[in-house]
Structure formats: structure tokens, C-alpha cells
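S.K.: Input: one structure, supplied below.
Residue numbers (my numbering): 165 to 256.
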């Protein structure tokens, strides 16, 4: 299904689907790279909790995993529920 594929794409790009992934530059962490890491309400070993937290974050900001993937992949004028920005490259 498209939603599952989009979620898998994002988790792979952000953390290679690792709950314990930490960005050495920004300090972002987890499956979807929470920034700051302290926003994440669970341990770096808890897949279920991280998945639920990132799914809630995605839903509030984008509405669906498919829309989140489109925003992640967008170059140029890119919109989400908070507005439109101009991106010169995909994240990250």
C-alpha cells in the first residue's frame, strides 16, 4: 500500500530504519530524526513508541505518509499544513 511504502521510504532515508540513529551534526535522533532528540518521549530502543510518535507528528504536519514523502522529495515550492517554502534540495 502507498502509505506503508511512503513511511518505509522516509524511515529509510532518515535513519535507515534504526531507532537508535543519531545525527552527529544536529543531534536529531530516532526513526524520523526528532530534533531536538529530547522531543522523543521514549527510548532509542522502542520502535513501537517512536513509530506512534512520528506517525502523530507526520499526521499533524502533512496529513498522510504519502504527502510527507512528497514534501520530503520536493524541490522548488513545497507546501505542508504550516505553509510553503522553497527547497533547493530534498531533505537531507
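We put the beta carbon where it would ideally sit given N, CA and C, even for glycine. The structure presented is a predicted model; accordingly, all values stated were derived computationally and were not measured.
Thinking residue 191 and residue 214 are a contact (beta carbons under 8 Å), I'd like their distance in whole angstroms, please.
M.R.: Counted from its first residue, the chain shown places residue 191 at position 27. Counted from its first residue, the chain shown places residue 214 at position 50. That pair is no contact at about 16 Å.
S.K.: Taking the alpha-carbon positions, what's the residue 233 to residue 189 distance?
M.R.: Taking the chain shown and counting its residues from 1, the one referred to as residue 233 is at position 69. Taking the chain shown and counting its residues from 1, the one referred to as residue 189 is at position 25. If you take the alpha carbons of residue 233 and residue 189, they lie about 23 Å apart.
S.K.: CB-CB under 7 Å to residue 211, same chain, minus the five flanking residues each way: which ones, in chain order?
M.R.: Indexing the chain shown from 1 puts residue 211 at position 47. Only 183 meet the Cβ criterion.
S.K.: Who does residue 318 pair with in a DSSP beta bridge?
M.R.: There is no way to answer for residue 318, as the model of the chain reaches only from 165 to 256.
S.K.: For residue 245, tell me which candidate among 251, 235 and 207 has the shortest Cα-Cα distance.
M.R.: The residue you call residue 245 lines up with position 81 of the chain shown. Looking at the Cα atoms, 235 is the closest of the given residues.
S.K.: Would you decide whether residue 203 is buried or exposed? Buried here means 16 or more other CB atoms lie within 10 Å of its CB.
M.R.: Position 39 of the chain shown holds residue 203. The residue is exposed, with fewer than 16 neighbouring Cβ atoms inside 10 Å.
S.K.: To the nearest angstrom, how far is it from the Cα of residue 257 to the Cα of residue 247?
M.R.: In this structure the chain extends from 165 to 256, so residue 257 is not present and cannot be described.
S.K.: What separation, rounded to the nearest whole angstrom, lies between the Cα atoms of residue 196 and residue 206?
M.R.: Position 32 of the chain shown holds residue 196. Position 42 of the chain shown holds residue 206. So the alpha carbons of these two residues sit roughly 13 Å apart.
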